[in-house]
Structures are given as C-alpha cells and as structure tokens.
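>
Residue numbers (the working numbering): 5 to 229.
Below is the structure:
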C-alpha cells in the first residue's frame, strides 16, 4: 500500500476478509510505517461492524529498505511526495550470473572453485514493475529505477493546461506536462497512466491526450480510465 487515502485503502478489509472466507493464508501487507497504527484501528473497527475476523500481518515499508518476495524477486521501497506519508515500490528480478573473470572456465573448474569457497557469481537485478502511487514528480525523480522498470504504473491526475502545475505539485500530484517534460527519461516498455481527476470526463481526457501527446510516448503509454 502506498498511502492511506480512501481510494487506495478502502478495499483492504474486503481483501483480507475474502482471503479468510476462501481459507487462504492471512496476507502480509506492507504499508508506510507511520500508517500502521491507523490501519490496525481501521481493521478492528471493520471487524466490530462485520462481526468477523480480519487476520493479517501489517509490516512497515520504509524508504531504502528491501522486501524479500522470493529467491527470484525483491521489492525496493522509495519515498514519494504526497500529502500523507507515502511510498513507491519497484519489483526486481534477480539472478546469479557467472563473474566475468570465470567466463570460459569448464564446469569442473567452476565446481572446484565453489568447493574451495570462492563466490563465482554476481547478483544481477532487472527492474520489472515500478509503482509510484500518488506523488508529485519528485517521487519519480528521486528513484531512477522507476524510469528503468519494464512496466511503470504512475498517476496522471491532471491533464488540462488550466490546472497549474505548481499548485498540483503542492498537493502531491502529477500533470500531463510532467510526462512531456520527462519524455526522454522514460526507458520503460509500458507506462500505465492512471488516477485521473473526476473533474474530467473520459472523453475530455482522451481529447487532450490526443492533442498534447498524439504518439502516446511512442505507443508505450496506456491510459487507465
């Protein structure tokens, strides 16, 4: 969870309850550290209303820390800029690759080196998915891996020129113009832009995008309405 605004957290009690009803293991949920107490109180309140348990483990997601998902995948946490404590996440693929100095060695030679205690591999990481949550552009800029992930999920709350960027940034959001200004920085294969303001109709969003960004960042931008 990136932060505790209602559009990001309202479904949490339902998610936990659904897992319980399907006899699945209680989930482990990572949230901004300062939000843990409030989320615990939310879940307890819903338990009281629903008269059903909401078993889960809440753990802090702290910028700079890593979350182990599996041997092959790890999540890094970055700080973002919103009106509440907020974080972003990058999911990485990690593999072990033979060090350059041992390229060309035979299997027997590699085995002997390993048996003698030599570490013959390096960890190689590839950013798979970046999730910004709600943030002004500083949240992107302070986490270069967001620009490098194969898939980036980011907000584009405002698109009309009449909405001034400096005001939008103050309240922790992004504008279409922020994407245009960073066009050359996006190395992502797919960029999913979401979280559009309800001040716009879907048709108006599409019209503005077709005018200001007709190529949709070389076809990489997908609009979630």
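Think of the CB as a built atom: it goes at the ideal place given N, C-alpha and C, for glycine as much as any other residue.
By DSSP's criteria, residue 113 is part of a beta bridge. Which residues make up the other side?
Beta-bridge pairing links residue 113 to no other residue.
> For residue 35 and residue 62, which I take to be in contact (beta-carbon distance under 8 Å), what is that distance rounded to the nearest angstrom?
6 Å
> List the endpoints of the continuous alpha helix (DSSP H) containing residue 204.
Careful: residue 204 lies outside any alpha helix (DSSP H) and carries neither H nor E.
> Whose C-alpha, out of 170, 144 and 98, is nearest the C-alpha of residue 190?
144
> Please confirm whether residue 94 and residue 149 have their CB atoms less than 8 Å apart.
yes
> Between the C-alpha atoms of residue 205 and residue 12, what's the straight-line distance to the nearest angstrom?
21 Å
> To the nearest angstrom, how far is it from the Cα of residue 81 to the Cα of residue 174?
22 Å
> Have a look at residue 68 and residue 84 and give me their C-alpha separation to the nearest angstrom.
12 Å
> What three-state label does DSSP hand residue 75 in the structure shown?
In this structure, residue 75 counts as coil in the three-state DSSP scheme.
> Closest by CA to residue 77, which one among 225, 14 and 129?
129
> Judging by CA-CA distance, which residue of 142, 29, 49 and 122 is the nearest neighbour of residue 185?
By alpha-carbon distance to residue 185, the top candidate from 142, 29, 49 and 122 is 142.
> Between residue 65 and residue 37, what straight-line distance do the alpha-carbon atoms span, to the nearest angstrom?
6 Å
> Do residue 194 and residue 146 have their C-beta atoms closer together than 8 Å?
no
> With a CB to CB cut of under 7 Å and the five nearest residues on each side skipped, what residues in its chain are close to residue 72?
78
> Grab the span of the alpha helix (DSSP H) containing residue 143 for me, first residue to last.
142-145
> Please list, in chain order, all residues of the same chain as residue 197 whose beta carbon is under 8 Å from its beta carbon, the five residues on each side excluded.
158, 159, 160, 183, 225, 226, 227 and 228
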